[in-house]
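Numbering (the working numbering), first residue to last: 395 to 689.
This is the structure:
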């Protein structure tokens, strides 16, 4: 009651994941999940799978290699960005076919890991740090700024060999995105926190989509109508249509010509009511934070 959907994680046994998905569907709730095997997730009726690494691990055909890479990433021996160099594009077409047949959506959360490899990385870094140092946002926990600085430093200080590995993985993710979207796949944009400011991250994801060759219209659908469909909310949300909830973002400029225009937000309406979009240094999070900052 009061739950819009169920999220499952990749450490569940196949039997537990199947049982949880079946119960969710019995309650007419969508299943969104992490997975190391999108084929299994599709068979279990997941509506969407999360993260670029879900495609990475699904594409690796050697079970031992997959297990070793997963363990290395989870124990911090390698980071998420570098493991993507192990993606096996020869599996992409077979995976795309299954995802389209089962209508499984996918969310890359690529701003979290790959924006430091963008041709516009220096501009993104300047923009993000300026935003996070705005005194009107002083209520944000310090770890967000530290995470952003660490993210860009990781790529700026990488050896030529390590940077080449990062770029190889990122280009494989971009190739997957192009092939998935071209075939009719549905993507969700919006990224994880820690190394990027939540909310702002969706604008970065728009820019990364454009750099990958995805049209602005498709990118915007990936943050609106496609998400509403996966969450079974398309009757009320996801597009500007008569009879739907009036959640509207008004921007200055034409995002179909330049996707960065989405960052020029002038007005926001929620359920037809204009809301205050200015920053307030004295803002207090209504959800108590157990610690002032992350260790």
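Virtual Cβ for every residue (Gly too), placed ideally from N, Cα, C.
Short Cβ contact (8 Å threshold) for residue i with residue j
{"i": "residue 482", "j": "residue 455", "result": "yes"}
{"i": "residue 496", "j": "residue 436", "result": "yes"}
{"i": "residue 453", "j": "residue 498", "result": "no"}
{"i": "residue 564", "j": "residue 511", "result": "yes"}
{"i": "residue 677", "j": "residue 533", "result": "yes"}
{"i": "residue 591", "j": "residue 538", "result": "yes"}
{"i": "residue 637", "j": "residue 623", "result": "no"}
{"i": "residue 599", "j": "residue 505", "result": "yes"}
{"i": "residue 479", "j": "residue 559", "result": "yes"}
{"i": "residue 620", "j": "residue 667", "result": "no"}
{"i": "residue 400", "j": "residue 414", "result": "yes"}
{"i": "residue 578", "j": "residue 494", "result": "yes"}
{"i": "residue 513", "j": "residue 601", "result": "no"}
{"i": "residue 575", "j": "residue 608", "result": "yes"}
In DSSP terms, what residue i is bridged to
{"i": "residue 401", "result": "426"}
{"i": "residue 581", "result": "500"}
{"i": "residue 645", "result": "659"}
Endpoints, beta strand (DSSP E) assigned at residue i
{"i": "residue 545", "result": "No beta strand (DSSP E) holds residue 545; the alpha helix (DSSP H) holding it covers 537-550."}
{"i": "residue 660", "result": "659-664"}
Element boundaries [alpha helix (DSSP H), containing residue i]
{"i": "residue 635", "result": "Residue 635 -> no alpha helix (DSSP H), and no H or E assigned at all."}
{"i": "residue 476", "result": "474-477"}
{"i": "residue 508", "result": "505-508"}
{"i": "residue 712", "result": "What the structure shows of the chain is the stretch from 395 to 689, and residue 712 is not part of that stretch, so it cannot be assessed."}
{"i": "residue 339", "result": "The requested residue 339 is not part of the displayed model; the chain covers only 395 to 689."}
Buried versus exposed call for residue i [16 or more other C-beta atoms within 10 Å across all chains shown]
{"i": "residue 529", "result": "exposed"}
{"i": "residue 438", "result": "buried"}
{"i": "residue 568", "result": "buried"}
{"i": "residue 610", "result": "buried"}
{"i": "residue 502", "result": "buried"}
{"i": "residue 566", "result": "buried"}
{"i": "residue 449", "result": "buried"}
Helix, strand or coil at residue i [DSSP, three-state]
{"i": "residue 444", "result": "strand"}
{"i": "residue 673", "result": "coil"}
{"i": "residue 640", "result": "coil"}
{"i": "residue 459", "result": "helix"}
{"i": "residue 667", "result": "strand"}
{"i": "residue 533", "result": "coil"}
{"i": "residue 680", "result": "coil"}
{"i": "residue 591", "result": "coil"}
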